[in-house]
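Residue numbers (this note's numbering), protein chains in the order written: chain A, 118 to 342; chain B, 118 to 342.
There are 2 protein chains.
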Amino acid sequence: MAVEAASGAHRPAGRPTQKVLSKERITAAALKLIEAGGYERLTMSALAKSLQVAPSALYNHVASKQDVLVLVQDDIITSIDVSAFGTEPWAAAIRRWAWSYRDVFTRHTPLIPVIAVLPVTGAGQTLGMYETLTAAFLDDGWPEPLVVPAIVALESFIFGSAFDVTAPADIFESGELAEANPKFTSAVRSQDLGAGGSAADAAFRLGLEGLIVGLQSQRDAWAAR
Amino acid sequence: MAVEAASGAHRPAGRPTQKVLSKERITAAALKLIEAGGYERLTMSALAKSLQVAPSALYNHVASKQDVLVLVQDDIITSIDVSAFGTEPWAAAIRRWAWSYRDVFTRHTPLIPVIAVLPVTGAGQTLGMYETLTAAFLDDGWPEPLVVPAIVALESFIFGSAFDVTAPADIFESGELAEANPKFTSAVRSQDLGAGGSAADAAFRLGLEGLIVGLQSQRDAWAAR
DNA sequence: TCTAATAAATGAATGCTGTTCATTTACATC
DNA sequence: GATGTAAATGAACAGCATTCATTTATTAGA
Numbered sequence: 118m119a120v121e122a123a124s125g126a127h128r129p130a131g132r133p134t135q136k137v138l139s140k141e142r143i144t145a146a147a148l149k150l151i152e153a154g155g156y157e158r159l160t161m162s163a164l165a166k167s168l169q170v171a172p173s174a175l176y177n178h179v180a181s182k183q184d185v186l187v188l189v190q191d192d193i194i195t196s197i198d199v200s201a202f203g204t205e206p207w208a209a210a211i212r213r214w215a216w217s218y219r220d221v222f223t224r225h226t227p228l229i230p231v232i233a234v235l236p237v238t239g240a241g242q243t244l245g246m247y248e249t250l251t252a253a254f255l256d257d258g259w260p261e262p263l264v265v266p267a268i269v270a271l272e273s274f275i276f277g278s279a280f281d282v283t284a285p286a287d288i289f290e291s292g293e294l295a296e297a298n299p300k301f302t303s304a305v306r307s308q309d310l311g312a313g314g315s316a317a318d319a320a321f322r323l324g325l326e327g328l329i330v331g332l333q334s335q336r337d338a339w340a341a342r
Numbered sequence: 118m119a120v121e122a123a124s125g126a127h128r129p130a131g132r133p134t135q136k137v138l139s140k141e142r143i144t145a146a147a148l149k150l151i152e153a154g155g156y157e158r159l160t161m162s163a164l165a166k167s168l169q170v171a172p173s174a175l176y177n178h179v180a181s182k183q184d185v186l187v188l189v190q191d192d193i194i195t196s197i198d199v200s201a202f203g204t205e206p207w208a209a210a211i212r213r214w215a216w217s218y219r220d221v222f223t224r225h226t227p228l229i230p231v232i233a234v235l236p237v238t239g240a241g242q243t244l245g246m247y248e249t250l251t252a253a254f255l256d257d258g259w260p261e262p263l264v265v266p267a268i269v270a271l272e273s274f275i276f277g278s279a280f281d282v283t284a285p286a287d288i289f290e291s292g293e294l295a296e297a298n299p300k301f302t303s304a305v306r307s308q309d310l311g312a313g314g315s316a317a318d319a320a321f322r323l324g325l326e327g328l329i330v331g332l333q334s335q336r337d338a339w340a341a342r
């Protein structure tokens with residue numbers, strides 16, 4: 118009585134003969150949706166549809182949509198470039214990591230409110246990145262008590278900067294309020310855009326180079342305290 | 118025939134004799150809802166109810182919920198402490214402003230994705246703050262082209278840090294993955310919490326002091342270029 | 001001053017959202 | 001072989017932002 122279902126056929130109710138879903142498949146499908154149409158398109162219904170499954174089936178594998186976002190988060194963390202740690206000096210390695218981190222999250226800003234509040238427990242890839250970072254700080258002679266605050270400070274700057282990239286280019290056009298705010302209006306016009314030409318990149322470069330220099334001076338101040 | 122409606126009475130359809138709503142009333146009611154129950158409680162229905170109005174009435178004054186958030190944003194900007202600008206030296210003034218800014222947005226993190234992408238056109242209070250900041254930078258001898266990138270860098274750090282404050286205290290507990298990530302696990306334990314005792318405050322202090330020092334060095338590097 | 005346009009309210013309706021629940025079927029264990 | 005659990009369907013739900021037709025008051029123009 119077994120009917121070999123054609124690919125377009127409808128799956129009957131009841132547990133299927135072989136598993137249809139898994140966390141891995143859900144994660145991959147979610148990422149595909151996000152890449153195709155951004156986070157607005159990532160709905161539980163759309164996700165289910167793309168997996169050819171009823172929406173309620175997802176809840177056998179994840180507890181909530183937030184859960185899906187956590188899966189996505191721990192996956193995309195692996196695309197951050199940490200290759201400079203161990204091969205290049207501290208400042209250069211931090212520089213490469215930070216730019217890469219920002220670029221990844223520029224395409225995933227809706228994850229930032231999730232990740233920022235998420236315990237790393239269980240997020241294995243994320244923890245791995247922190248371990249690599251910590252090793253690099255210690256190798257560079259950082260006092261252990263400063264490592265975590267320094268990483269958090271860098272991450273905060275990166276997350277904030279990722280939002281900034283998504284802002285429209287004319288975000289600082291003061292419009293009819295220009296005359297009431299002359300200094301700012303002029304500063305916006307004369308803004309140094311650097312080589313790339315993007316205001317967001319210029320601000321990120323300035324802030325990152327500043328942070329790198331400044332954090333090192335904080336490190337030295339701690340040692341001399 | 119005019120009936121003086123008792124306070125509990127039902128308003129009939131049609132334009133009322135005197136205006137019930139205004140952007141100011143909507144903004145105030147939204148803020149009250151947020152303070153009472155956070156952003157989850159800020160729904161168009163709840164907002165309407167708190168103003169004793171039908172939800173659809175709101176749309177005569179704002180185009181969308183996003184619009185309401187913009188109103189809220191430009192209002193809370195005024196609660197940021199800019200009093201140190203003009204009275205204190207650059208670094209001290211930036212320090213006071215930055216801590217205040219972070220504290221305000223810690224209670225309003227859902228606004229960050231909104232504000233970060235929002236053109237300042239029409240957001241008068243926000244523009245005013247930027248004007249004040251610009252003046253302080255120029256008075257301190259900053260080259261005009263660096264002012265906006267420096268402000269943006271500081272703001273990015275502040276926004277990211279605001280998220281960080283809302284994170285649970287045990288966010289870095291690595292759990293069963295502790296043995297696989299020994300350096301990070303140890304660094305978390307030995308983390309310097311500073312006077313206040315909060316990890317978020319320690320990271321913000323370190324990053325902010327670093328940024329202040331580092332941005333100044335970038336400023337000098339620009340001058341000597 | 002009459003009239004037409006506009007502003008500002010109601011109330012019903014819409015489509016989408018994440019999520020839950022009863023039900024069905026397959027598989028694993030005792 | 002019975003019993004419990006895992007994993008699917010499909011119907012249902014409440015809540016969400018938003019839209020629309022309708023009603024009434026006010027304002028502007030002839």
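Note that beta-carbon positions come from the ideal geometry of N, C-alpha and C, so glycine has one too.
Less than 7 Å divides the Cβ of B/PHE280 from the Cβ of B/THR226.
Identification of chain B residues near A/LYS300 by a Cβ-Cβ cut-off of 8 Å yields GLU248, THR251, ALA252, LEU255, ordered along the chain.
Scanning its chain for C-beta atoms nearer than 7 Å, with the 5 sequence neighbours on each side dropped, one finds around B/ARG142 the residues LEU168, in chain order. In the three-state DSSP reduction, B/PHE289 falls in the coil class, being neither helix nor strand.
One finds ALA304 in chain B with Cβ atoms closer than 7 Å to the Cβ of A/VAL264, taken in chain order.
When the five nearest sequence neighbours on each side are left out, the beta carbons in the same chain lying within less than 7 Å of the beta carbon of A/THR144 are those of LEU188, VAL189, ASP192, in order along the chain.
DSSP places B/GLU141 in the helix class (H, G or I) of the three-state scheme. Partner residues in the beta bridge of B/GLU205, as assigned by DSSP, are B/PHE202. Per DSSP, A/LYS136 lies in no alpha helix (DSSP H) segment and is marked neither H nor E.
Taking a C-beta cut-off of 8 Å against chain A, the contacting residues of the stretch 221 to 234 of chain B are THR226, PRO227, ILE229, PRO230, ALA233, VAL234, listed in chain order. Pairing B/PRO206 with B/ALA297, the inter-Cα distance amounts to about 47 Å.
The DSSP assignment places no complete run of the beta strand (DSSP E) inside the stretch 165 to 225 of chain B (cut-off: 3 residues). CA-CA distance, B/ALA180 to B/ALA240, rounds to 16 Å. Taken through DSSP and simplified to helix, strand or coil, B/ALA270 comes out as helix. Neighbours of A/GLN308 in chain B, taken as residues whose beta carbon is under 7 Å from its own, are PRO262, VAL265, PRO266 in chain order.
When C-beta atoms of the stretch 312 to 327 of chain B are compared with those of the stretch 266 to 285 of chain B, three or more pairs fall below 8 Å, so the two segments count as touching.
Going by beta carbons, A/ALA201 and A/ARG219 fall outside the 7 Å limit. Annotation: B/LEU328 to A/GLU293 spans about 33 Å, alpha carbon to alpha carbon. The Cβ of A/ILE197 sits no closer than 7 Å to any Cβ of chain B. Taking a C-beta cut-off of 9 Å against chain A, the contacting residues of the stretch 268 to 283 of chain B are ILE268, VAL269, ALA270, LEU271, GLU272, SER273, PHE274, ILE275, PHE276, GLY277, SER278, ALA279, PHE280, ASP281, THR283, listed in chain order.
The beta-carbon distance between A/GLU248 and B/PHE289, rounded to whole angstroms, is 12 Å. This is too long to meet the 8 Å contact definition. For A/LEU325, the uninterrupted alpha helix (DSSP H) segment begins and ends at 316 to 340. The beta-carbon of A/LEU159 is placed no less than 7 Å from the nearest beta-carbon of chain B.
Against A/GLU141, chain B offers no close residue; the least beta-carbon distance is about 19 Å (beta-carbon pairs closer than 8 Å). Taking 7 Å as the CB threshold, A/GLY327 lines the interface with chain B. For A/ALA215, same chain residues with a beta-carbon under 7 Å away, outside a window of 5 residues either side, are LEU271, ILE275, LEU325 in chain order. For A/ALA319, the chain B residues whose C-beta falls within less than 8 Å of its own C-beta are PRO266, listed in chain order. Around A/LEU175, no beta-carbon contact reaches into chain B at under 8 Å, the shortest distance being about 23 Å.
One thing to note: B/VAL330 has its Cβ within 7 Å of the Cβ of A/GLY331.
Rounded to whole angstroms, the gap between the alpha carbons of B/ARG336 and B/ALA295 is 42 Å. Ranked by Cα distance from A/PRO133, the first of A/VAL264, A/TRP339, A/ALA174 is A/ALA174. DSSP places B/GLU248 in the uninterrupted alpha helix (DSSP H) bounded by 241 to 256. Our two residues, B/HIS178 and B/LYS136, have alpha carbons roughly 12 Å apart in a direct line. Taking C-beta separations shorter than 7 Å and ignoring five residues to either side along the sequence, the partners of A/ALA146 in its chain run LEU164, SER167, LEU168, following chain order.
When only Cα atoms are considered, B/THR204 and A/PRO236 end up about 42 Å apart.
In this structure, the beta-carbon distance from A/GLN308 to B/VAL265 falls below 7 Å.
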